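Peer 1: There's a structure below that I have some questions on.
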Amino acid sequence: MLRSIYTRLSLALISRHLESTPWLVRNVQHQAYEATFDQDDLTEARKWHASFNEDSLPKGQTSFSRSSGPGGQHVNKTESKATTVWSIEELSRGLPKLIRSSLRSSKYYSKRNDSITIQAQTQRSRSANTDENHLKLVEELRKIYKENVPGSTSSEKIKKYEALEQSSREGRLRSKKQQGSKKAFRKGNGRDE
């Protein structure tokens, strides 16, 4: 019973993910991958990525608690585990549209308070764990960028896709004319009398 529930839940999550990311499925055969995106959004995202600076991100709200695991007496006495929370609203102010839309699919997303929540407890000091949280956020944003923003298509590839599209269109029209002439011949319009 648990396996069937798990399978249904997995399929539901996969189908929901595919519905929310329509660019994963390319309907047009002879078209560049980035052609399905809004060019203004792509330009905005690429400019953001080129000028991305970690210091421009908001600081977030950091709270400290006792960490678990090895560390002896120091772990039991100090509150060095850092938990940093960035609300989606606060974080998305400086981000481009293509990245903003994917923040909620992050593995660090917390639905309860609509935020990105990251924890670190590997270091012995609070500041080191807080810095680690910021680094994890930067890595996550770069990963989201890489997954959602395609690289720019070279002019040679654009010309190649245009040529493929044109030859496909010409082949389709040639086929239609051939079918039309076949039908006309069957009706008697093409018979020699």
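The opening position of the sequence shown corresponds to residue 1 in this note's numbering, with each subsequent residue numbered one higher.
Virtual Cβ for every residue (Gly too), placed ideally from N, Cα, C.
Note that this is a predicted model, so its numbers are computed, not measured.
(1) Do you know whose CA, among Arg186, Ser175 and Gly151, lies nearest Thr43's CA?
(2) Do the CB positions of Gln119 and Thr83 come within less than 8 Å of each other?
(3) Taking Pro96 and Asp55 to be in contact with their CB atoms under 8 Å, please state how far apart those CB atoms are, rounded to whole angstroms.
(4) What do you get for Gln61, buried or exposed, if any count of 16 or more other CB atoms within 10 angstroms of its CB means buried?
(5) Less than 8 Å between the C-beta atoms of Ser67 and Ser80, yes or no?
(6) Would you kindly check if the distance between the Cβ of Ala45 and the Cβ of Leu103 is under 8 Å?
(7) Work out the CA separation of Phe37 and Leu173 for me, nearest whole Å.
(8) Just to confirm my understanding: we take Lys187, look at its own chain, exclude 5 residues before and 5 after, and list those with CB closer than 8 Å. What are they?
(9) Should Gln121 be labelled buried (16 or more other beta-carbon atoms within 10 Å of its own) or exposed?
(10) Thr117 to Glu162, Cα distance in whole Å?
(11) Taking Leu57 and Leu164 to be in contact with their CB atoms under 8 Å, please state how far apart those CB atoms are, rounded to whole angstroms.
(12) To the nearest angstrom, report how far apart Leu24 and Arg93 are at their CA atoms.
(13) What's the C-alpha gap between Ala128 and Ser63?
(14) CA-CA distance, Glu132 and Ser168?
(15) Which of helix, strand or coil does DSSP assign to Gln39?
(16) Alpha carbon to alpha carbon, how far is Lys59 from Glu156?
(17) Between the beta-carbon of Val85 and the beta-carbon of Ser105, is there less than 8 Å?
(18) Provide the residue span of the beta strand (DSSP E) that contains Val149, from first to last.
(19) Using the Cα positions of Arg142 and Ser101, report the straight-line distance between them to the nearest angstrom.
(20) Can you tell me whether Leu135 is buried or exposed, with buried defined as 16 or more other CB within 10 angstroms of its CB?
Peer 2: Walking through what the data contain:
(1) Gly151
(2) yes
(3) About 18 Å separates the two Cβ atoms, so there is no contact after all.
(4) exposed
(5) Contact annotation: Ser67 and Ser80 have beta-carbon atoms nearer than 8 Å.
(6) Their beta carbons are not under 8 Å apart, which means Leu103 does not touch Ala45 by this criterion.
(7) 28 Å
(8) none
(9) Answer is buried; the Cβ neighbour count reaches 16.
(10) 45 Å
(11) Leu57 to Leu164, Cβ: 42 Å. No contact.
(12) With a pLDDT of only 49 at Leu24, under the threshold of 50, the placement of this residue in the model should not be trusted; the figure read from the coordinates follows. So the two alpha carbons sit approximately 26 Å from each other.
(13) 13 Å
(14) 52 Å
(15) If DSSP states are grouped into helix, strand and coil, Gln39 belongs with the helices.
(16) 43 Å
(17) no
(18) Taken as a continuous stretch (DSSP letters only), Val149 belongs to no beta strand (DSSP E), as it is neither H nor E.
(19) 14 Å
(20) exposed
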